[in-house]
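Residue numbers for the sequence shown follow this note's numbering, beginning at 106 and rising by one.
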Amino acid sequence: MIYRLRIEPSGHEMDIAPTETILEAALRHGYALPYSCRAGTCATCKGKIVSGSVDYGEVDAKMLSDDEIAQGYALFCQATPLGDVTIEAKEVGAAAGIQIKTLPSRVARIVDLAPDVRAIFLQLPSTEEFHYLPGQYIDILLKDGSRRGFSIASTPSPGGQLELHIKRVPGGRFTEHVFSTMKEKDILRFEGPLGTFFVREDPEQRPLLMAATGTGFAPIKGMLQQLFANSDPRPIYFYWGVRYPQDFYYQDLLQEWQHRHSHFHLIQVVSRPDASWKGRCGYITDAILQDFPTIGKFSAYLCGHPDMVFDLSAQLEKAGIDSQDIYADAFVFAKGKSS
Ligand SMILES: Cc1cc2nc3c(=O)[nH]c(=O)nc-3n(C[C@H](O)[C@H](O)[C@H](O)COP(=O)(O)OP(=O)(O)OC[C@H]3O[C@@H](n4cnc5c(N)ncnc54)[C@H](O)[C@@H]3O)c2cc1C
Numbered sequence: 106m107i108y109r110l111r112i113e114p115s116g117h118e119m120d121i122a123p124t125e126t127i128l129e130a131a132l133r134h135g136y137a138l139p140y141s142c143r144a145g146t147c148a149t150c151k152g153k154i155v156s157g158s159v160d161y162g163e164v165d166a167k168m169l170s171d172d173e174i175a176q177g178y179a180l181f182c183q184a185t186p187l188g189d190v191t192i193e194a195k196e197v198g199a200a201a202g203i204q205i206k207t208l209p210s211r212v213a214r215i216v217d218l219a220p221d222v223r224a225i226f227l228q229l230p231s232t233e234e235f236h237y238l239p240g241q242y243i244d245i246l247l248k249d250g251s252r253r254g255f256s257i258a259s260t261p262s263p264g265g266q267l268e269l270h271i272k273r274v275p276g277g278r279f280t281e282h283v284f285s286t287m288k289e290k291d292i293l294r295f296e297g298p299l300g301t302f303f304v305r306e307d308p309e310q311r312p313l314l315m316a317a318t319g320t321g322f323a324p325i326k327g328m329l330q331q332l333f334a335n336s337d338p339r340p341i342y343f344y345w346g347v348r349y350p351q352d353f354y355y356q357d358l359l360q361e362w363q364h365r366h367s368h369f370h371l372i373q374v375v376s377r378p379d380a381s382w383k384g385r386c387g388y389i390t391d392a393i394l395q396d397f398p399t400i401g402k403f404s405a406y407l408c409g410h411p412d413m414v415f416d417l418s419a420q421l422e423k424a425g426i427d428s429q430d431i432y433a434d435a436f437v438f439a440k441g442k443s444s
């Protein structure tokens with residue numbers, strides 16, 4: 106049996122199988138809805154069911170409460186149709202038509218960036234085109250059918266490599282492999298590009314607030330490279346938080362950007378400083394709220410630890426940023442994600 110899915114206000118209509126999530130159906134037809142983890146753990150894809158009913162799937166009450174369900178909300182990455190369904194969602198035009206592919210890649214280079222962070226550079230098959238927007242992520246496909254998300258730190262270039270920044274998770278199946286047994290020339294399969302975390306154009310040219318913890322810098326790096334390459338005039342305030350001073354990396358590049366681009370402001374914050382650290386201390390959420398107690402006319406891009414992303418997002422809304430202008434990739438764990 107096949108049902109119909111309609112997206113309001115665009116009026117786009119498509120078929121949807123009973124076993125398919127609303128997000129999967131939309132992406133299959135080339136319409137991008139806002140989304141990130143695809144596992145029901147980040148709520149980026151939360152939206153309204155206007156008519157029809159759905160099976161809500163496995164949802165964490167923290168991401169979708171009973172009250173929200175009663176008001177008609179669902180997580181589109183989990184909800185499957187029980188009949189024809191109409192939803193309300195703001196489609197993401199820039200990502201429409203970007204094909205999600207499953208590809209093999211070869212590990213071309215492995216570089217240590219910080220004590221617990223490695224970059225791996227993936228060479229794609231020369232016969233394949235791979236389009237993505239800086240900031241999107243890929244899912245590495247493991248042999249047991251599970252997958253692990255990693256943000257792309259590079260920008261697209263013909264024949265170019267995909268750069269990933271991998272933080273070691275103690276006992277983590279994939280990340281421990283990256284730090285112990287992975288070698289150059291190894292083959293990795295992945296699916297991508299995924300997610301809708303990329304810089305939006307803005308006719309109002311509002312300043313950009315970017316905030317990352319740890320390897321949350323990866324997608325921000327690609328976004329910044331793109332903004333500078335496009336001579337985008339918007340002021341940029343980038344807050345990067347880590348635990349220890351030695352967790353920062355790419356410091357030469359960031360200094361060069363500060364030197365070259367007077368509209369780029371870098372604020373690095375350390376939560377467990379030692380005597381060598383002369384910069385800001387604490388958490389980036391506090392630093393941002395100290396610097397901008399009222400912050401109405403900004404658009405915000407948040408990435409990294411889920412606690413920071415969810416907390417800062419809520420605080421920014423309270424301080425005056427419209428929720429529609431806050432974009433985020435929370436590095437939630439791969440719980441329950443399979444190919
Ligand atoms: C959209 C997206 C983009 C991401 N981008 C990046 C990125 O660019 N760089 C990066 O380093 N990470 C990124 N992550 C996080 C990354 O996917 C996980 O760290 C990774 O899946 C861990 O895989 P593993 O096999 O090593 O651990 P697993 O074997 O899956 O987990 C082992 C144990 O560690 C816990 N765990 C898993 N991940 C984490 C974590 N991140 N922090 C703390 N505990 C964890 C698990 O609950 C489990 O108990 C991203 C996640 C998402 C959803």
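For every residue, glycine included, the Cβ atom is placed at its ideal position computed from N, Cα and C.
Have a look at the options and flag the residue whose alpha-carbon is nearest the alpha-carbon of residue i.
i, options, result
"E163", "C182, G177 and T149", "C182"
"S285", "F353, I215, L299 and L229", "I215"
"D291", "L247, L313 and V374", "L247"
"V159", "S141, H364 and L110", "L110"
"V190", "R278, M119, A213 and Y242", "M119"
"A175", "V155, G188, T185 and P209", "V155"
"F235", "S259, G321 and Y140", "S259"
"I127", "G152, M106 and C147", "G152"
"F333", "G321, P308, Q363 and S210", "Q363"
"A184", "A323, L299 and A130", "A130"
"R377", "N335, L394 and R348", "R348"
"P411", "T320, L358, K383 and R365", "T320"
"V414", "Q395, I341, L314 and A122", "L314"
"L250", "E233, R223 and L293", "In the sequence as displayed, the identity of residue 250 is Gly instead of Leu. Checked all of E233, R223 and L293; the closest Cα to G250 is L293."
"I192", "A380, L358 and G157", "G157"
"Q373", "R385, Q204, R365 and F397", "R385"
Hey, how far is the Cα of residue i from the Cα of residue j?
i, j, result
"I225", "L269", "5 Å"
"R253", "E306", "29 Å"
"V274", "E281", "7 Å"
"Y344", "T149", "22 Å"
"Y237", "I245", "16 Å"
"F438", "L417", "19 Å"
"Q356", "G145", "35 Å"
"A166", "C147", "12 Å"
"D430", "S367", "24 Å"
"A179", "D172", "11 Å"
"F353", "L229", "28 Å"
"A316", "F369", "13 Å"
"R339", "Q331", "12 Å"
"G327", "E309", "22 Å"
"S444", "K383", "Per-residue confidence for S444 stands at a pLDDT of 43, beneath the threshold of 50, marking its modelled position as unreliable; the derived number appears in the next sentence. Answer to the nearest angstrom: the Cα atoms are 46 Å apart."
"F436", "G297", "16 Å"
"G277", "D427", "36 Å"
"Y102", "I121", "For the chain, the structure presents residues 106 to 444; residue 102 sits outside this window and is missing."
"K288", "I107", "46 Å"
"P261", "K206", "15 Å"
"G93", "A213", "Only positions 106 to 444 of the chain appear in this structure, which leaves residue 93 out of reach."
"S170", "G177", "11 Å"
"R311", "P239", "19 Å"
"S186", "Y161", "One detail in the question is off: residue 186 reads as Pro in this sequence, not Ser. One C-alpha to the other measures close to 9 Å."
"P123", "G188", "8 Å"
"S381", "L358", "21 Å"
"K272", "D337", "30 Å"
Report back the beta-carbon spacing between residue i and residue j to the nearest angstrom; my notes put them in contact at under 8 Å.
i, j, result
"A424", "T399", "6 Å"
"F295", "L208", "6 Å"
"Q241", "F303", "6 Å"
"S46", "A323", "Residue 46 lies beyond the stretch modelled for the chain, which goes from 106 to 444, so this question has no answer here."
"G265", "D434", "Going by Cβ atoms, the distance from G265 to D434 rounds to 21 Å, so no, they are not a contact pair."
"G346", "Y388", "6 Å"
Determine, for residue i, whether the minimum Cβ-Cβ distance to residues of chain D falls below 8 Å.
i, result
"R109", "The chain labelled as chain D is not found in the depicted structure, where only one protein chain is given."
What are the residues that DSSP puts in a beta bridge with residue i?
i, result
"Y342", "L314 and H370"
"A219", "V222"
"H117", "I112"
"D160", "T185"
"E306", "According to DSSP, which records beta bridges pairwise, E306 is partnered with nothing at all."
"H270", "A224"
"S256", "Y242"
"T191", "R111 and S156"
"Y406", "M315 and Y432"
"P275", "P275 is not bridged to any residue."
"S210", "L293"
"K151", "L180"
"V347", "V375"
"R385", "V374"
Any heavy atom of ligand 3 closer than 7 Å to the beta-carbon of residue i?
i, result
"C386", "Inclusion of ligand 3 in the displayed structure is not the case, the ligand content consisting of ligand 1 alone."
Per the contact definition of three or more C-beta pairs closer than 8 Å, is the region 192 to 199 in contact with the region 113 to 123? yes
Using 8 Å as the cut-off, can you tell me whether the region 206 to 220 makes contact with the region 134 to 143, which would need three or more C-beta pairs spanning the two stretches below that distance? no
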